[in-house]
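See below for the structure under consideration.
Residue numbers (the numbering used here): 96 to 585.
What follows is the structure in structure tokens.
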């Protein structure tokens, strides 16, 4: 009875801790979404609204022409990049539905410009809700697989507080979180043998990001062992994209080059290994190996092993693919689920947060290291990262800057660049920082590979209390926001 009361008390304390950490996270998220008007978010808003113009006026033949003419206030630079940003209206179905109120309030009064701050805020609210949904799906999967509500809450928190998730959605306004959320939900259906739902959700994800098929096919092979059926399902996933390719043939301003082919070429050629006959694509090597592992995995294999295999390509695409900073988040929800599915061998239904083991502590430490260092490393790689030039041009921020005698909200002043100016040696350590990040995610994969590995870590010396790690993880986004405002105000 005494032990039961202790565990109950611990759970209550942890619940309060999660509430506190979540509040910190949401404050950081608010400033991410409120502070920035990155050009991609502005353009996606404009193109999503433009779909309603084409639908109501019955002129789909002007799909590419309208983008080139920039009729709805997209970022000017994107008028020459319509083939890369939006190759078909099917890509932005959800975004267009969400942006219907913007179209209704701007169409009938003749106001064409929806690239304003208020409109971008409305679009970014969709991204925030998607993050919350994705965190919930991670919670639901983890709770069902681990049998622990605590583990599920932690998995959802890891996604919600991820600096890479906030960079992608809150800062850049990119829609990666939308197809990533669809993939997490697809994984949920896959684990429950609901293949039709898995294929339909995968179709949506592939329509938004064709390259994600590289991660979806191994997931499909876990359950479906008929290779011809797998290929047929893959074709089904491309039906919207193929249908539009046929319909839009000959449309004005449509590029004759294939964006998908260009993406495939960049992906397969990004890292090449020299061999005796020339060079070999590391992506293809990893893809074939992962597909083989998926194929030989028994369909009734335990869920955790299937989640582990499903995570491999997401990790590869996050760390070894030709990506910008806003695509670095792909691995986060999958690894969050994976690391929380077995908290140090805690029995199903028990409170894994009791602190009796160190396995989850170690995994959470590695994830915390990733959250802080990946944010910094991505800032070294991309000068656009947390750039003051993309600060929202709203009255509150302008007034704040003027009060501090600063006009940097109008200048190009990246946060990480300013940090490196104070410590130039950090730039020289960029490769070492990236190495630590890769080592951390590989260690997470190694720890979660088998129960034996989990048990080895369970006996390790406790490094930090888990409650401290939860707070540190939740503080990552607020800390970088504080640093950003230190740059913009001084």
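Think of the CB as a built atom: it goes at the ideal place given N, C-alpha and C, for glycine as much as any other residue.
_At 3 residues or longer, what runs of the beta strand (DSSP E) sit wholly inside the stretch 156 to 231?_
Listed in chain order, nothing qualifies, since the stretch 156 to 231 has no complete beta strand (DSSP E) run of 3 or more residues.
*Length of the line joining the Cα atoms of residue 412 and residue 426*: Within the chain shown, the letter at position 317 stands for residue 412. Within the chain shown, the letter at position 331 stands for residue 426. Between residue 412 and residue 426, the C-alpha separation is close to 8 Å.
_Considering only the alpha carbon of each residue, which of 164, 198, 182 lies closest to residue 150?_
Counting from 1 along the chain shown, the entry for residue 150 is found at position 55. When the alpha-carbon of residue 150 is set against those of 164, 198, 182, the nearest one is in 198.
*Specify the secondary structure class of residue 518 as computed by DSSP and reduced to three states.*
Taking the chain shown and counting its residues from 1, one reaches residue 518 at position 423. The answer is coil: DSSP assigns residue 518 none of H, G, I, E or B.
_Beta bridge counterpart(s) of residue 486 as assigned by DSSP_ = Here the question's residue 486 lines up with position 391 in the chain shown. The partner list for residue 486 (beta bridge, DSSP) reads 131.
*Among 479, 305, 378, nearest to residue 135 - alpha-carbon criterion*: The count along the chain shown starts at 1 and reaches residue 135 at position 40. Closest by alpha carbon: 479.
_Per-residue DSSP class, three states only, for residue 373_ = Reading the chain shown from its first residue, position 278 is the one you call residue 373. Under the three-state reduction of DSSP, residue 373 is assigned to strand.
*Below 6 Å CB to CB, which residues in the same chain sit around residue 484 once its five sequence neighbours on both sides are set aside?*
If you number the chain shown from 1, residue 484 lands on position 389. Correct list, in chain order: 507.
_Status (buried if at least 16 other CB within 10 Å, exposed otherwise) for residue 100_ = Counted from its first residue, the chain shown places residue 100 at position 5. With a pLDDT of 47 at residue 100, under the threshold of 50, the modelled position of this residue cannot be trusted, and the question is left open.
*asked:* On the CB-based measure, 16 or more other CB atoms within 10 Å of its CB, does residue 576 come out buried or exposed?
replied: Taking the first residue of the chain shown as 1, we reach residue 576 at position 481. Residue 576 is buried by the Cβ-count criterion.
*Other residues of its chain near residue 381: CB distance less than 6 Å, five sequence neighbours each side excluded*: Position 286 of the chain shown holds residue 381. Excluding residues up to 5 positions away in sequence, 411 lie with their Cβ nearer than 6 Å to the Cβ of residue 381 in the same chain.
*Span separating the alpha-carbon of residue 498 from that of residue 579*: The sequence position of residue 498 within the chain shown is 403, counting from 1. The sequence position of residue 579 within the chain shown is 484, counting from 1. Just so you know, the alpha carbons of residue 498 and residue 579 end up roughly 17 Å apart.
*Cβ-Cβ distance between residue 572 and residue 127 below 8 Å*: Taking the first residue of the chain shown as position 1, residue 572 is located at position 477. Taking the first residue of the chain shown as position 1, residue 127 is located at position 32. Between residue 572 and residue 127, the C-beta gap is smaller than 8 Å, which places the two residues in contact.
*Strand pairing of residue 509, partner residues [DSSP]*: Numbered from its first residue, the chain shown carries residue 509 at position 414. Note: residue 509 sits in a beta bridge opposite 482.
*Between the CA atoms of residue 568 and residue 116 - distance to the nearest angstrom*: Position 21 of the chain shown, counted from the first residue, corresponds to residue 116. Position 473 of the chain shown, counted from the first residue, corresponds to residue 568. Cα-Cα distance, rounded: 9 Å.
*Apart from the five residues on each side of it in sequence, which residues of its chain come closer than 8 Å, Cβ to Cβ, to residue 531?*
The residue you call residue 531 lines up with position 436 of the chain shown. Scanning its chain for C-beta atoms nearer than 8 Å, with the 5 sequence neighbours on each side dropped, one finds around residue 531 the residues 464, 468, in chain order.
*Once you ignore the five residues that flank residue 272 on each side, which residues in its own chain have a CB closer than 8 Å to its CB?*
Position 177 of the chain shown, counted from the first residue, corresponds to residue 272. Once the five neighbours on either side are set aside, the close Cβ partners of residue 272 are 222, 225, 226, 229, 260, 263, 264, 424.
*Determine the closest residue to residue 280 out of 510, 295, 153, 203, with distance taken between C-alpha atoms.*
By 1-based counting over the chain shown, the position of residue 280 is 185. For residue 280, the nearest C-alpha among the options comes from 295.
*Please classify residue 367: does DSSP put it in a helix, a strand, or coil?*
On the chain shown, residue 367 is found 272 positions in, with the first residue counted as 1. Reduced to three states, the DSSP call for residue 367 is strand.
*Close Cβ partners of residue 535 (< 7 Å) along its chain, the five nearest in sequence each way excluded*: Residue mapping note: residue 535 aligns to position 440 of the chain shown, counting from 1. For residue 535, where only same-chain residues beyond five positions count, the Cβ hits under 7 Å are 461, 464, 465.
*Neighbourhood of residue 552 by C-beta distance below 6 Å, restricted to the same chain and skipping five residues each side*: As a position in the chain shown, residue 552 is number 457, starting the count at 1. The beta carbon of residue 552 lies closer than 6 Å to those of 454, 457, 542 in the same chain, with the five residues before and after it left out.
*Would a C-beta distance cut-off of 8 Å place residue 313 and residue 257 closer than the cut-off?*
Translated into positions along the chain shown, residue 313 becomes position 218. Translated into positions along the chain shown, residue 257 becomes position 162. Using a Cβ distance threshold of 8 Å, residue 313 and residue 257 do not count as a contacting pair.
*Length of the line joining the Cα atoms of residue 533 and residue 307*: As a working mapping, residue 533 is identified with position 438 in the chain shown. As a working mapping, residue 307 is identified with position 212 in the chain shown. Computed Cα separation, rounded: 21 Å.
*Is it buried or exposed for residue 585, if we count other Cβ within 10 angstroms and need 16 for buried?*
The residue you call residue 585 lines up with position 490 of the chain shown. Burial is judged here by how many other beta carbons sit within 10 angstroms of a residue's own beta carbon; residue 585 has fewer than 16 and is exposed.
*asked:* Within 10 Å of its beta-carbon, does residue 171 have 16 or more other beta-carbons around it, so buried, or fewer, so exposed?
replied: Here residue 171 refers to the residue found at position 76 of the chain shown. Residue 171 sits exposed, since fewer than 16 C-beta atoms from the chains shown fall within 10 Å of its C-beta.
*asked:* With H, G and I counted as helix, E and B as strand and the rest as coil, what does DSSP make of residue 289?
replied: Translated into positions along the chain shown, residue 289 becomes position 194. In the structure shown, residue 289 sits in coil (DSSP, three-state: anything other than H, G, I, E or B).
*Consult DSSP for residue 397 and reduce its assignment to one of helix, strand or coil.*
Sequence index remark: in the chain shown, residue 397 carries index 302 (1-based). Looking at residue 397 - three-state DSSP - the assignment turns out to be coil, as it is neither helix nor strand.
*Roughly how far, in whole angstroms, is the beta-carbon of residue 140 from the beta-carbon of residue 233, given that I think they are within contact range, below 8 Å?*
Within the chain shown, the letter at position 45 stands for residue 140. Within the chain shown, the letter at position 138 stands for residue 233. In fact, because the Cβ distance is near 27 Å, the residues do not count as touching under 8 Å.
*asked:* With a threshold of 6 Å on Cβ separation, who are the neighbours of residue 515 within its own chain once the five nearest residues in sequence on each side are excluded?
replied: Position 420 of the chain shown, counting from 1, holds the residue named residue 515. Taking C-beta separations shorter than 6 Å and ignoring five residues to either side along the sequence, the partners of residue 515 in its chain run 521, 522, following chain order.
*Which residue from 472, 396, 147, 159 puts its Cα closest to that of residue 525?*
For the purposes of this step, residue 525 is taken as the residue at position 430 of the chain shown. Closest option to residue 525, Cα to Cα, is 472.
*Give the straight-line distance between the Cα atoms of residue 589 and residue 501, rounded to the nearest whole angstrom.*
Outside the shown range of the chain (96 to 585) lies residue 589, about which nothing can therefore be said.
*Answer with buried or exposed for residue 300, where buried requires no fewer than 16 other C-beta atoms within 10 angstroms of its C-beta.*
Stepping through the chain shown from its first residue, residue 300 is reached at position 205. Buried is the call here.
*If we ignore side chains and look at the alpha-carbon of each, how far apart do residue 138 and residue 362 end up?*
By one-based count along the chain shown, residue 138 stands at place 43. By one-based count along the chain shown, residue 362 stands at place 267. A straight-line Cα-Cα distance of about 25 Å links residue 138 and residue 362.
*Who are the near neighbours of residue 269 in its chain, counting only those whose CB is closer than 6 Å to its CB and skipping five residues on each side?*
Locating residue 269 in the chain shown gives position 174, counting from the first residue. If we look at residue 269 and ignore the five residues flanking it on each side, its Cβ neighbours are 135, 263, 421.
_Buried versus exposed call for residue 401 [16 or more other C-beta atoms within 10 Å across all chains shown]_ = The residue you call residue 401 lines up with position 306 of the chain shown. By the neighbour-count rule (16 or more Cβ atoms within 10 Å), residue 401 is buried.
_residue 66, enclosing alpha helix (DSSP H) - first and last residue_ = Outside the modelled stretch of the chain, which goes from 96 to 585, sits residue 66, for which no answer is possible.
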